[in-house]
Amino acid sequence: MAIFVEGVRGSGKSKIAVREIRTYLELGLRVATNLDIKPERLTPKAKSFITRLPDIPRSIDLELLGKAYPELDPDNPDTYDEKKFGLIVIDELLTSFNSRSWNDKDRLAVVAWMVQSRKLGWRLWLLSQDVDAVDKQLRETLLQEIWHCRSGKNLFSSPILGKILNIVINPAIKLMAPLGFHVLNVYTGKKKDRHHLAKTEFFKCYELHSAYKTSQTFTQDIMINRAGQMVDMRASYTVLPENYFENKSVTLSGEQSVTHLAKAPVTKPLSKIGWQLPAFLFCLAGWWFLSSGETPKPKAVPAQTASAPQQAENQQSEPVEQEISPFMSSLEGVVITCAVVRGQAYADYCFESEQGSFYPSDLGYRVTYIAPCAATIAYLDEQKVIRCRPHYVHSEKIAVAYSAQDMSET
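According to my numbering, the sequence shown is numbered sequentially starting from 6.
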């Protein structure tokens, strides 16, 4: 069975259908329609998807919908649960189901599927401007209720009294509903008279204006290829809401599954770090200031005193050795192991001695760039040229030249 919603253009029949779609989406139920729905504006917090049918759906498009919820078993009546039924809304029924011009070969298949749609857990809403213009076979087999919509601009339809009442009441109505309102009459059965009138409803639903495309046009979507053949381009697709993949996935029945999607690590914004970053930078600056403020001096080697006879004896037996300063002794065995050139007159060097890595800055020494394989280390008025190992071959031409010069000097 189906609900037929009728009304002229601007009567609010699409709006009342979109309101019903919103109810189903908020409950997590399936929805299929040929309306252009904007789920991010209709139900921003809901995670149910929408199946977008072609403007003029075929039987194959309806068959691909399958069951409205996965637990349904057509052979088991106990699995039927009307609280989980899905909703199918087809607008502009006269473009494809007109009683005069609908001679499509797919007609019987579409009617057969709609007649049995309830067995698959679907409810039907069919929208048209006039129910009487819909195909008789479809109308006779499916019609359950007629929802007649009309605009509230002419609330009273009486020829004489209605015009007088409209003139008197319309100003008050504009104050209460400046954008207008609609009137809905629900009729049970196939007749639209006061004996079958079930209820009357007044609705505005201004928030739904931006939730669907009011200027949508319905076409058959047929293209002609280069060979002159007509190709049917109709197809169904799924419209997902913006937050569909957030936190939890949603099952077809609308119940939230227990499988949690992996959350990406959340990076704390810099503006919310508070005092931690400034405190860390302050401590780092203080450590750098204290470590670089006092320059450690090399320890002086105490001179060994000897008696005069021994000194004379040593001078006669051994040649006089030149005294080596603590600065020069600290650079014994120091060589360059790597260099990162950062310009024409600067490089970062790696020094190494027999004891391991050597850091001149820790002793207050100054390093001056000469070449990638040569540097001057100075302290006060003393300096010494440090070079690479004799067997080290640098990739740069200037380093190779300096290494060759060192070998010739030795």
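We treat Cβ as the ideally placed atom computed from N, Cα and C, and that holds for glycine.
Predicted, not measured: the structure shown is a model, and the values here were computed from it.
Can you give the Cα-Cα distance for residue i and residue j, rounded to whole angstroms?
| i | j | result |
| --- | --- | --- |
| Asp-135 | Val-116 | 19 Å |
| Leu-266 | Phe-90 | Low local confidence applies: a pLDDT of 43 at Leu-266 is under 50, so the model's placement there is unreliable, and no value is given. |
| Lys-18 | Ile-229 | 34 Å |
| Gly-15 | Lys-158 | 11 Å |
| Gln-360 | Trp-280 | 43 Å |
| Ile-93 | Ser-101 | 16 Å |
| Ala-203 | Leu-47 | 28 Å |
| Ser-258 | Thr-84 | Summary for Ser-258: the model assigns pLDDT 45, below 50, so the residue's position carries little reliability, and this model does not support an answer. |
| Lys-72 | Leu-282 | 56 Å |
| Tyr-29 | Leu-40 | 15 Å |
| Ala-290 | Tyr-374 | 27 Å |
Sort out for me which residues DSSP pairs residue i with in a bridge.
| i | result |
| --- | --- |
| Lys-204 | Val-191 |
| Glu-150 | Ile-8 and Thr-193 |
| Tyr-384 | Glu-387 |
| Asp-60 | Paired residues: none, contrary to the question. |
| Cys-343 | Cys-355 |
| Tyr-364 | Answer by DSSP bridge pairing: none, since Tyr-364 is not bridged. |
| Val-237 | Per the sequence shown, residue 237 should be read as Asp rather than Val. Partner(s): Ile-227. |
| Cys-393 | Ile-341 |
| Ser-215 | Ser-215 pairs with nothing; no bridge assigned. |
| Arg-371 | Ala-383 |
Out of the options, point me to the one whose CA is closest to residue i's CA.
| i | options | result |
| --- | --- | --- |
| Lys-196 | Gly-348, Arg-46 and Phe-9 | Phe-9 |
| Leu-125 | Leu-67, Ser-156, Leu-98 and Asp-140 | Leu-67 |
| Ile-95 | Leu-132, Ala-383 and Glu-31 | Leu-132 |
| Tyr-74 | Pro-49, Ser-122 and Leu-113 | Ser-122 |
| Glu-31 | Asp-111, Asn-39, Trp-292 and Lys-88 | Lys-88 |
| Gln-221 | Pro-59, Ile-391, Arg-27 and Lys-389 | Pro-59 |
| Leu-129 | Asp-78, Thr-38, Pro-44 and Thr-205 | Thr-38 |
Can the beta-carbon of residue i be found less than 7 Å from the beta-carbon of residue j?
| i | j | result |
| --- | --- | --- |
| Ile-341 | Tyr-354 | yes |
| Arg-57 | Tyr-242 | yes |
| Val-36 | Leu-98 | no |
| Ile-42 | Ile-61 | no |
| Arg-371 | Ala-383 | yes |
| Ala-7 | Gln-142 | no |
Below 7 Å CB to CB, which residues in the same chain sit around residue i once its five sequence neighbours on both sides are set aside?
| i | result |
| --- | --- |
| Leu-213 | Lys-20, Val-23 and Arg-24 |
| Lys-52 | Pro-246, Asn-248, Tyr-249 and Val-255 |
| Trp-118 | Ser-64, Leu-67 and Glu-68 |
| Phe-2 | Nothing can be reported for residue 2: it is not among the residues displayed for the chain, which extend from 6 to 415. |
| Val-13 | Gln-134 |
| Thr-193 | Glu-150, His-201 and Ala-203 |
Excluding the five sequence neighbours on either side, which residues of its own chain have a C-beta within less than 8 Å of the C-beta of residue i, listed in chain order?
| i | result |
| --- | --- |
| Met-235 | Ile-227, Met-228 and Ile-229 |
| Phe-207 | Gly-157, Phe-186, His-187, Val-188 and Leu-189 |
| Asp-78 | Thr-84 |
Grab me the residues of residue i's own chain with a C-beta within less than 6 Å of its C-beta, minus the 5 sequence neighbours each way, in chain order.
| i | result |
| --- | --- |
| Val-120 | Thr-146 |
| Asp-386 | none |
| Lys-389 | Leu-336 and Ile-382 |
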